[in-house]
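Protein sequence lines, in the order shown, are assigned to chains A and B.
Count the first sequence with the numbering used here and you get residues 5 to 191, in order.
Count the second sequence with the numbering used here and you get residues 167 to 369, in order.
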Amino acid sequence: MSIYWQLFTSFFKIGAFTFGGGWAMISIIEREIVDKHHWIERSDFLDLLAIAQSLPGILAVNISIAVGDKLKGGKGSIIASLGTILPSFLIILAIAIFLTPDLIKSNRMISSVFMGIRPAVVALIVAPVITSAKAAKLTLTTIWIPAIVALMISLDLGTVSNPVLYIVLGGLGGWLHWKYTTKSLHN
Amino acid sequence: MSIYWQLIWAYIKIGIFGFGGGYAMLSLVEKTVVTPGWITEQMFTDIVAISQMTPGPIGINSATYIGYAAPSHVNPELSGVGWGILGSCLATLAVTVPSFILVLYCSHFIRRHNESGVIKAIFAGLRPVVVGLIASAAIMLMNAANFCPDGQSYQLISSIAICVAAFCLVYFPLPTGKGKTVKLHPILVIVLAGIAGYLLYGI
Numbered sequence: 005m006s007i008y009w010q011l012f013t014s015f016f017k018i019g020a021f022t023f024g025g026g027w028a029m030i031s032i033i034e035r036e037i038v039d040k041h042h043w044i045e046r047s048d049f050l051d052l053l054a055i056a057q058s059l060p061g062i063l064a065v066n067i068s069i070a071v072g073d074k075l076k077g078g079k080g081s082i083i084a085s086l087g088t089i090l091p092s093f094l095i096i097l098a099i100a101i102f103l104t105p106d107l108i109k110s111n112r113m114i115s116s117v118f119m120g121i122r123p124a125v126v127a128l129i130v131a132p133v134i135t136s137a138k139a140a141k142l143t144l145t146t147i148w149i150p151a152i153v154a155l156m157i158s159l160d161l162g163t164v165s166n167p168v169l170y171i172v173l174g175g176l177g178g179w180l181h182w183k184y185t186t187k188s189l190h191n
Numbered sequence: 167m168s169i170y171w172q173l174i175w176a177y178i179k180i181g182i183f184g185f186g187g188g189y190a191m192l193s194l195v196e197k198t199v200v201t202p203g204w205i206t207e208q209m210f211t212d213i214v215a216i217s218q219m220t221p222g223p224i225g226i227n228s229a230t231y232i233g234y235a236a237p238s239h240v241n242p243e244l245s246g247v248g249w250g251i252l253g254s255c256l257a258t259l260a261v262t263v264p265s266f267i268l269v270l271y272c273s274h275f276i277r278r279h280n281e282s283g284v285i286k287a288i289f290a291g292l293r294p295v296v297v298g299l300i301a302s303a304a305i306m307l308m309n310a311a312n313f314c315p316d317g318q319s320y321q322l323i324s325s326i327a328i329c330v331a332a333f334c335l336v337y338f339p340l341p342t343g344k345g346k347t348v349k350l351h352p353i354l355v356i357v358l359a360g361i362a363g364y365l366l367y368g369i
């Protein structure tokens, strides 16, 4: 079996069997590419993960591009990312074709099911707010940052509510903080 | 035709500025596709729910679904399946193209400068912002369309009860006896909420 085919099937499995995206996928990716196929070392996997997670874009797609590139260059990265994308693309396309918004609205059973699901979805997004706040090691001196970001974006005030603005400011703030603190160390 | 260019441009932007993956991207996706009226607020929440119940990354799921639904929602002339599939393909491709360029460039760059303080400092500044992005996605979905679409108080009360119960089930580990605990899988919580909805409103 060629390495390209193995890359494709491994990432196809990862795309087809991970629910909830992002962090839920990582243990399965690790098992496939580190434990099963020994394509990369565990320490290198953590480095790839740090890059994939820090960059914008879809985490699983970023990881597949990085692993494919490390193994087989550009061609490997295209094949690995196609494997990740195809299962969800095909499944969602089938759902979009058959489960139209009109059907959700007009079918009493489907609409009542979704009325129960919508508030639960909100709860499922509140939970990662807390876990990510813990992972980011927020303290009393930094907790105002996510609070202001969340407030400004949800107030919906046009340009000042654009999430992109806060991503740029966050990166800039990290850089300025580093520049200021390393300078004061030298003085 | 212009909806397709708008979709491509919107998803390239989401691909470039969607930091933190999954839930952190949601507020950006919501701002980009709900504000211009490509889909409704309720359709957006349904997509999040469908993404939870189906495998795969939420970013791909939303691009595929919104790419399919937006053309016919904006322009009734584009209501055929073919027009929808075209939108799906374009949006899904558009959201992954920036990843290729950035990941390939950065992994080569970082391999050469992996101890740089600047890069570490920038990532350190981004982390608290990402927490705020996830929080804003949750806050923006706490609205009347999701909690009491018909404006009745029993709907609001049962929706809040479902929301609180779902949070507890996902966040707090349940004891299974023998001193072990288990956290409920989000898919199971979605299924339970769907059953609750059917029992409350469907019969």
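Cβ coordinates follow ideal geometry from the N, Cα and C atoms, glycine included.
In this text, all values refer to a predicted model and were calculated from it rather than measured experimentally.
Residue burial annotation: A:M119 is buried, with at least 16 other C-beta atoms found within 10 angstroms of its C-beta. Within the stretch 193–215 of chain B, the residues whose Cβ lies closer than 7 Å to any Cβ of chain A are, in chain order, S193, L194, K197, M209, T211, D212, V214 and A215.
Cβ proximity to chain A below 7 Å picks out P294, V295, V296, V297, G298, L299, I300, A301, S302, A303, A304, I305 and M306 from the stretch 294–306 of chain B.
A Cβ-Cβ contact shorter than 8 Å links B:S193 with B:A303. Looking at B:M219, B:T230, B:K286 and B:G363, the one whose alpha-carbon comes closest to that of B:A257 is B:T230. Proximity of A:Y8 to chain B, defined by a Cβ-Cβ separation below 8 Å, is not satisfied. In the DSSP annotation of this structure, the continuous segment of the beta strand (DSSP E) that includes B:T342 starts and ends at L340 to G343. Between A:I7 and A:L75, the gap from beta carbon to beta carbon is short of 8 Å. Rounded to whole angstroms, the separation of the alpha carbons of B:S228 and A:P91 is 14 Å. A residue is called buried once 16 or more other Cβ atoms fall within 10 Å of its Cβ, and B:G363 is buried on that count. Under the 10 Å beta carbon count, B:V247 is surrounded by fewer than 16 other beta carbons and is classified as exposed. By alpha-carbon distance to A:S158, the top candidate from B:I182, B:L350, B:C314 and B:A301 is B:A301. Pairing B:L292 with A:G61 gives a Cβ-Cβ distance that is not under 8 Å. Sequence-ordered contacts of the stretch 117–139 of chain A with chain B read V117, F118, M119, G120, I121, R122, P123, A124, V125, V126, A127, L128, I129, V130, A131, P132, V133, I134, T135, S136, A137 and A139 [C-beta pairs closer than 9 Å].
Taking the Cα positions, B:V269 is about 36 Å away from B:L335. Among the residues facing chain A, B:V284 is included, as its CB has a counterpart in that chain under 8 Å away.
Interface annotation for the stretch 220–234 of chain B against chain A: T220, P221, G222, P223, I224, G225, I226, N227, T230, Y231 and Y234, criterion Cβ-Cβ distance under 7 Å.
When 9 Å is used as the limit between beta carbons, A:S81 is near these residues of chain B: F266, V269 and L270, in chain order. Residue environment analysis places A:R122 among the buried positions, since at least 16 neighbouring C-beta atoms fall within 10 angstroms of its C-beta. Between A:A124 and B:I323, the CB-CB gap reaches or exceeds 8 Å. A:L11 is outside the set of residues whose beta carbon lies under 8 Å from a beta carbon in chain B.
Judged by their CB atoms, B:G368 and A:V65 are not nearer to each other than the 8 Å cut-off. Straight-line measurement puts the Cα of B:I356 at about 8 Å from the Cα of B:Q218.
Contact of A:I37 with chain B is not assigned, every C-beta pair being separated by 8 Å or more. Taking the Cα of A:I89 as reference, the smallest distance to any Cα among B:S319, B:V261, B:Y271 and B:I285 is reached at B:V261. Residue pairing from DSSP places B:T347 in a beta bridge opposite B:P341. With a threshold of 16 other beta carbon atoms within 10 Å, B:T211 meets it and is buried. Shown here, B:P221 sits in a strand according to DSSP, grouped into three states.
Residue contact with chain B for A:W179: present (Cβ-Cβ distance below 8 Å to some residue of chain B).
Within chain B, the C-beta atoms nearer than 9 Å to that of A:W182 come from G283, V284, K286, A287, I288, A290 and G291, in chain order. With 16 or more other Cβ atoms from the protein chains shown falling within 10 Å of its own Cβ, B:K197 counts as buried. Non-local C-beta neighbours of B:Y177 in its own chain, meaning closer than 6 Å and more than five positions away in sequence, comprise A229, A257, A260 and V261, ordered along the chain. Against chain A, the beta carbon of B:G184 has neighbours under 7 Å at P60 and G61, listed in chain order. Residue range R112 to A139 is occupied by the alpha helix (DSSP H) that includes A:G120.
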